[in-house]
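Here the sequence shown stands for residues 15 to 662, numbered as in the numbering used here.
Note that the Cβ used here is the ideal one computed from N, Cα and C, for glycine as well.
All figures in this text were calculated on a predicted structure; none of them were measured in a lab.
Everything on this sheet refers to the single structure shown next.
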Amino acid sequence: MRISHNDPRYGLVLWIVGLVAALVITPFIGARNLAIMILGLALLAVLLAWHRTRSRNRQLYQQLHHPANRLSSHERLRYDRSEQRFRALLESLPRVAVQGYDRKRRVIYWNAASTQLYGYMPDEVMGCRFEELIIPQEMRESVVRAHQTWINEGVEIPGSEMELVHKSGRSVAVFSHHVMLGQHTDNPLMFCVDVDLSVQKQAHRDLEFIRRYDPLTLLPNRAAFIAELNRLLEDEDRHRAPLAVFFIDIEHFSEINDSLGYEQGNHLLTQVAERLSQHCYTSDLLARFGNDEFVMACTHLDSRRHALQLIDRVDSMFELPFMLDGKPHHITVSQGISLFPDNGEDAQSLIYAANVARNRARMPGESRFQIFSHEFHRDLIYQHELLKRLENAIDQQELALHFQPQISRSGRIESMEALLRWFPSEGGMVSPSEFIPLAERFGLMGRLGSWAIEALCCQQACWKAQGLHGYRVDINLSGEHLRSTAMLEELERTMQRHQLSMRDVGIEITENVLVQADETVKAHLQTLYHRGMKIAIDDFGTGYSSLAYLKQFPVTSLKIDRTFVMDSPESLKDRAILAGIVFIGHRLGLEVIAEGVETSEQLELVHELNVDLVQGFYYFRSMRAERITPLLETQPLFQGLRDPSLKK
């Protein structure tokens, strides 16, 4: 059906085009104003078309009933069909609710989209005042006043977003535009066109949630926590009351992901979030900051001593196991705490201080919780400076291997331990206890390991070329080394290149490495063991479940930690532990080495206990290769006879 531009319904066609454009554009927030403009123009077009059609229909109606202007049945049928098509088109408009009201605000028109949007059927609302149907109670007075002002003074009601009311009582978000027809007549009519904004509003709420909350744990995220903490700190009612920020980190979380999978890792995070939430006061703030990091701000704080009590409270949350993959798992956390106003005046400063304290708590040998001290900050700056220097140490040829002999009960050098030393070009030697943990934390163990393996194999090959055979040299490998297939392949290639056998080189690993060992580490140790390499547990007795490791891992030697040797001549407990380790080691067919032997009394005791090898300052400090070589060439017996110069 063609519609001429002279046809009153021509405006309706324009309106439909505008409406479709508005519906397409409206969901996009950036085009909202354009959509509103198109919708307004479309509304104006339809109502003009409706008004023109209504006037024409009135004329036709008068003609129909005038005796002189009787229409034929064909003309009457065409008129009725045209009217039906017009109303059907208006009723079928999707998502656009159209209502008409008289000057007393009574409903005179209500399309199907209005029913869908507000829940009322047309026969329920006809003749009812619109403010009693869909206008919230608190808005009714102002809406009635605006309607009267428009009729009496010509002040239009602007289009706007608003929250109206569904029949059920729930809120309905719409964009509502209004047009007044016949304003200066006795029967002005107001038409409202409402577009449902529920999809856009929900999308906005979803975006706002994503912006402020962690989707896994449903806790606030970093940005939301910082904003809320700053608001709390600026609250004048608090009067600078004490506040503590806790930075909580799940220990060994990556191992859980690796061994049980990310699904179980996520399950653990949700359980941790639930426990922390249950133990928080309503005034506390809690957020998930990162992968395994949670931050909490406790406002109910009256002293530093109270902060220590809160630390115990957090620790107690993790006493019960977490169920992962149907089995109980015990989890530990590291905690860093900062205090307001001592450690910062704003959220960023307090979080930074708590994070520094958390990092300190994660360091080997430190307590699992730390309250921030400015000393931590100074140490952090020093460590970063040291790290930069360590990164350049290999290229600057500042690293060296020292060797400490291991003496048999017969007094001969049987093997040696290779120890990494760092002599910076400026300043004195840096202790391994400083730079090794630093390298482990910042991923430098791979480079240091590669350098040490090459240096060891090169020196061992040099000794063999001089005819000095049969002296095994052991090197310490970290967990990072043992998890790396590439590193072990490099070890084998380097040994082959220098024509060394598995009897020429051994490895030492600490109990901490075994605590964190996964299936990859176990497989690599099995491979080295079956190829004939000696594997020693270093510092034996200082870790956890040491005896279990002897059953689980392929080891050939035990190195008794110096702490058991140091006081053994005087301490019956240390002597009993020492004797027990030697007995178990020998019953399992393992070589037993005593570390840290410094006095004749200690030497006499370990010999009485039938320790196989002795290592310590009683015989030698660690030395450069050029000082070891003459000893290997002459092979004197060191049975209580020491060269004082070799101890320096």
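Opposing strand residues paired with residue i [DSSP bridges]
{"i": "alanine 432", "result": "Phe417 and Ile489"}
{"i": "tryptophan 124", "result": "Gln113"}
{"i": "alanine 453", "result": "DSSP lists no partner for alanine 453."}
{"i": "arginine 7", "result": "Outside the displayed span of the chain (15 to 662) sits residue 7, for which this structure offers no information."}
{"i": "glycine 520", "result": "Asp488"}
{"i": "glutamate 257", "result": "Correcting the residue type first, residue 257 is leucine in the shown sequence and not glutamate. Phe354."}
{"i": "valine 188", "result": "Met176 and Asp210"}
{"i": "phenylalanine 205", "result": "Gly114 and Val193"}
{"i": "isoleucine 262", "result": "Phe308 and Gln349"}
{"i": "isoleucine 385", "result": "Ile351"}
{"i": "tyrosine 14", "result": "Outside the shown range of the chain (15 to 662) lies residue 14, about which nothing can therefore be said."}
{"i": "arginine 143", "result": "Arg120"}
{"i": "isoleucine 427", "result": "Ile421"}
{"i": "methionine 337", "result": "Pro342"}
{"i": "phenylalanine 501", "result": "One point to set straight first is that residue 501 is methionine, not phenylalanine, in the sequence displayed. None, per the DSSP bridge assignment."}
{"i": "leucine 627", "result": "Ser422 and Ile607"}
{"i": "valine 527", "result": "DSSP lists no partner for valine 527."}
{"i": "methionine 637", "result": "Phe417"}
{"i": "valine 444", "result": "Trp436"}
Own chain residues within Cβ distance below 6 Å of residue i, not counting five before or after
{"i": "asparagine 71", "result": "Reliability of the predicted coordinates at asparagine 71 is poor, the pLDDT of 48 falling under 50, and the value obtained from them is presented with this limitation in mind. Cβ within range, chain order: n/a, list empty."}
{"i": "glutamine 162", "result": "none"}
{"i": "arginine 46", "result": "Confidence at arginine 46 is low in this model, with a pLDDT of 49, below 50, so its placement is unreliable and the value that follows should be read with caution. Excluding residues within five positions, none has a Cβ falling inside 6 Å."}
{"i": "phenylalanine 295", "result": "The residue asked about is misnamed: residue 295 is tyrosine in this sequence, not phenylalanine. Hits under 6 Å: His314."}
{"i": "glutamate 448", "result": "none"}
{"i": "glutamine 278", "result": "Leu338 and Asp339"}
{"i": "tyrosine 632", "result": "Val611, Glu612 and Leu617"}
{"i": "isoleucine 551", "result": "Val569 and Leu572"}
{"i": "valine 527", "result": "Gly493"}
{"i": "glutamine 292", "result": "none"}
{"i": "tyrosine 75", "result": "Confidence at tyrosine 75 is low in this model, with a pLDDT of 46, below 50, so the placement of that residue should be treated as unreliable; the coordinate-derived value is given next. The answer is none, since no qualifying residue turns up."}
Pair within 8 Å by beta-carbon distance, residue i and residue j
{"i": "arginine 119", "j": "phenylalanine 144", "result": "yes"}
{"i": "isoleucine 549", "j": "valine 569", "result": "yes"}
{"i": "serine 429", "j": "leucine 627", "result": "yes"}
{"i": "aspartate 326", "j": "methionine 310", "result": "no"}
{"i": "phenylalanine 567", "j": "isoleucine 595", "result": "no"}
{"i": "valine 213", "j": "histidine 191", "result": "no"}
{"i": "alanine 432", "j": "phenylalanine 456", "result": "no"}
{"i": "isoleucine 264", "j": "valine 286", "result": "yes"}
{"i": "histidine 538", "j": "leucine 496", "result": "yes"}
{"i": "methionine 204", "j": "valine 188", "result": "no"}
{"i": "alanine 562", "j": "glutamine 513", "result": "no"}
{"i": "leucine 300", "j": "leucine 233", "result": "yes"}
{"i": "leucine 147", "j": "valine 139", "result": "yes"}
{"i": "glutamine 113", "j": "serine 128", "result": "yes"}
{"i": "arginine 12", "j": "asparagine 235", "result": "Within the shown structure, residues of the chain are numbered from 15 to 662, placing residue 12 beyond reach of any answer."}
{"i": "alanine 639", "j": "glutamine 411", "result": "no"}
{"i": "valine 186", "j": "leucine 131", "result": "yes"}
{"i": "histidine 180", "j": "glycine 133", "result": "yes"}
{"i": "phenylalanine 336", "j": "leucine 401", "result": "no"}
{"i": "glutamate 405", "j": "leucine 458", "result": "yes"}
{"i": "leucine 564", "j": "leucine 602", "result": "yes"}
{"i": "alanine 238", "j": "arginine 226", "result": "yes"}
{"i": "proline 446", "j": "leucine 462", "result": "no"}
{"i": "phenylalanine 308", "j": "leucine 290", "result": "yes"}
Nonlocal neighbours in the same chain, by C-beta distance under 8 Å from residue i, ignoring five residues either side
{"i": "glutamine 397", "result": "Leu452"}
{"i": "glutamate 647", "result": "Gln480 and Leu482"}
{"i": "valine 34", "result": "Reliability fails at valine 34, whose pLDDT of 46 lies under 50, so the model's placement of it is uncertain and the value that follows must be treated cautiously. Taken in chain order, the list of residues that qualify is empty."}
{"i": "cysteine 142", "result": "Arg120 and Val121"}
Interface flag, residue i vs chain B, CB-CB below 8 Å
{"i": "aspartate 329", "result": "You won't find chain B in this structure, because it holds only one protein chain."}
Residues near residue i in its chain [Cβ-Cβ closer than 7 Å; skip 5 each side]
{"i": "arginine 517", "result": "Arg486 and Gly546"}
{"i": "glutamate 167", "result": "none"}
{"i": "alanine 375", "result": "Ser348, Gln349, Gly350, Ser381, Arg382, Phe383 and Gln384"}
{"i": "leucine 364", "result": "Val259, Ser352, Phe354, Asn357 and Gly358"}
{"i": "methionine 377", "result": "Pro451"}
{"i": "arginine 675", "result": "Since the first and last residues shown for the chain are 15 and 662, residue 675 lies out of range."}
{"i": "asparagine 244", "result": "Asp360 and Ala361"}
Within the chosen definition, does the region 602 to 618 reach the region 368 to 383 through at least 3 CB pairs nearer than 8 Å?
-> no
Three or more C-beta pairs below 8 Å linking the region 616 to 628 and the region 573 to 586 | yes
Stretch pair the region 336 to 344 + the region 352 to 361: three plus CB contacts closer than 8 Å = no
Enumerate, from N- to C-terminal direction, the unbroken beta strand (DSSP E) stretches of 3 or more residues contained entirely within the region 569 to 618.
-> 571 to 574 and 605 to 608
May I have a chain-ordered list of the alpha helix (DSSP H) segments no shorter than 4 residues that lie completely inside the region 273 to 329?
-> 276 to 292
Mind pulling the beta strand (DSSP E) runs of 3 or more residues that sit fully within the region 533 to 568?
-> 549 to 554
Are there three or more Cβ pairs, one per stretch, closer than 8 Å when the region 458 to 469 is compared with the region 488 to 500?
-> yes
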